[in-house]
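Remarks on the structure that follows.
Protein chains: 2
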Amino acid sequence: MDIKTVNLQEKFATFTDQWHPRIIGELNGQHVKIAKVQGEFIMHQHEHADELFFVVEGKLFIRLEDQTLEINQGEMVVIPKGTNHQPYAPEEVKLLMFEPESTVNTGNQEGERTVRDLEKI
Amino acid sequence: MDIKTVNLQEKFATFTDQWHPRIIGELNGQHVKIAKVQGEFIMHQHEHADELFFVVEGKLFIRLEDQTLEINQGEMVVIPKGTNHQPYAPEEVKLLMFEPESTVNTGNQEGERTVRDLEKI
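Chains as they are written, first to last, in this note's numbering: chain A, 1470 to 1590; chain B, 1470 to 1590.
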């Protein structure tokens, strides 16, 4: 069995592209993913998946229908399934996400921002 | 709907006891928990649950049957179900865990270290 310690900053150092999640862990049918994000994402929702965002570095905003969340380094938020949300980040943010294996980044808004077949790094 | 940003250090500041996990998030049938740990825990396993340990502060060791893992701040490890593991920490560690809602801290070794009915903080 291959049980290895995963260093987040080492994993972040392996890529530079933004809005492209990578898988760094799997457990109980869930994926742990990391991504670098900057600028505006699209408003979308996940019909069947709650989604956790944890900010490793930077400041992330998530626009909801009735408020905007500000998530700073060392903070996290859970977006319940069926909730429209639009992440954006004026400066680059290093993000850790936790969600079911089947979750696609753009949820119900398939399009040019959609990334499938994520690498495991 | 109540969607709130969770600050990990603020949550850690609300308690001082060790080896007593608190729930700080719930999603997709999984719990996000935090705990302060120091000293030796017991060797145990979880028959049906993979378990993620993420070190927020400090240095955690996890003794397995054939190796000992060292997990530093900003590092994580997934312990697969059915794997005997014994966490220990010479100095206090602030720990984030991710596991199914049904997971009990001592797994198959019910005893005085077992904590049930975890608070949500």
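Where a beta carbon is used, it is the ideal one built from N, C-alpha and C, also for glycine.
Starting from residue i and walking both ways along the alpha helix (DSSP H), at which residues does that stretch end?
{"i": "L1477(B)", "result": "1477-1481"}
Quick one: is residue i near chain B, going by C-beta distance under 8 Å?
{"i": "E1539(A)", "result": "yes"}
{"i": "Q1478(A)", "result": "yes"}
{"i": "E1544(A)", "result": "yes"}
{"i": "T1474(A)", "result": "yes"}
{"i": "V1562(A)", "result": "no"}
For residue i, report the span of its beta strand (DSSP E) as first-last.
{"i": "A1558(B)", "result": "1555-1569"}
{"i": "A1504(A)", "result": "1499-1509"}
{"i": "R1491(A)", "result": "1491-1496"}
{"i": "I1531(B)", "result": "1528-1532"}
{"i": "V1547(B)", "result": "1544-1548"}
{"i": "M1539(B)", "result": "Sequence check: residue 1539(B) is Glu here, not Met. Unbroken beta strand (DSSP E) run through E1539(B): 1537-1541."}
Answer yes or no: do residue i and residue j have a C-beta to C-beta separation smaller than 8 Å?
{"i": "F1523(A)", "j": "K1505(A)", "result": "no"}
{"i": "I1503(A)", "j": "L1565(A)", "result": "yes"}
{"i": "E1516(A)", "j": "K1550(A)", "result": "yes"}
{"i": "V1562(B)", "j": "E1526(B)", "result": "yes"}
{"i": "R1582(A)", "j": "I1511(A)", "result": "yes"}
{"i": "V1546(B)", "j": "T1483(A)", "result": "no"}
{"i": "P1490(B)", "j": "N1574(B)", "result": "yes"}
{"i": "G1543(A)", "j": "N1476(B)", "result": "yes"}
{"i": "I1472(A)", "j": "I1548(B)", "result": "yes"}
{"i": "Q1514(B)", "j": "Q1487(B)", "result": "no"}
{"i": "D1499(A)", "j": "Q1499(B)", "result": "In the sequence as presented, Asp is not what sits at residue 1499(A); that position holds Gln. Yes, Cβ-Cβ distance for Q1499(A) and Q1499(B) is below 8 Å."}
Does any residue of chain A have a CB that is nearer than 8 Å to the CB of residue i?
{"i": "E1516(B)", "result": "no"}
{"i": "L1521(B)", "result": "yes"}
{"i": "N1497(B)", "result": "yes"}
{"i": "G1494(B)", "result": "yes"}
{"i": "V1501(B)", "result": "yes"}
From the beta carbon of residue i, is the nearest beta carbon of chain D less than 8 Å away?
{"i": "I1548(A)", "result": "Given the protein chain composition of this structure (A and B), no chain D is represented."}
Between the segment 1524-1544 of chain A and the segment 1554-1562 of chain A, are three or more C-beta pairs nearer than 8 Å? yes
Members of the segment 1564-1584 of chain B near chain A, C-beta cut-off 8 Å: F1567, E1568, P1569
Segment contact flag, the segment 1494-1501 of chain B with the segment 1565-1575 of chain B, C-beta cutoff 8 Å, min 3 pairs: yes
If contact means a Cβ-Cβ distance below 7 Å, which residues of the segment 1523-1536 of chain B contact chain A? L1533
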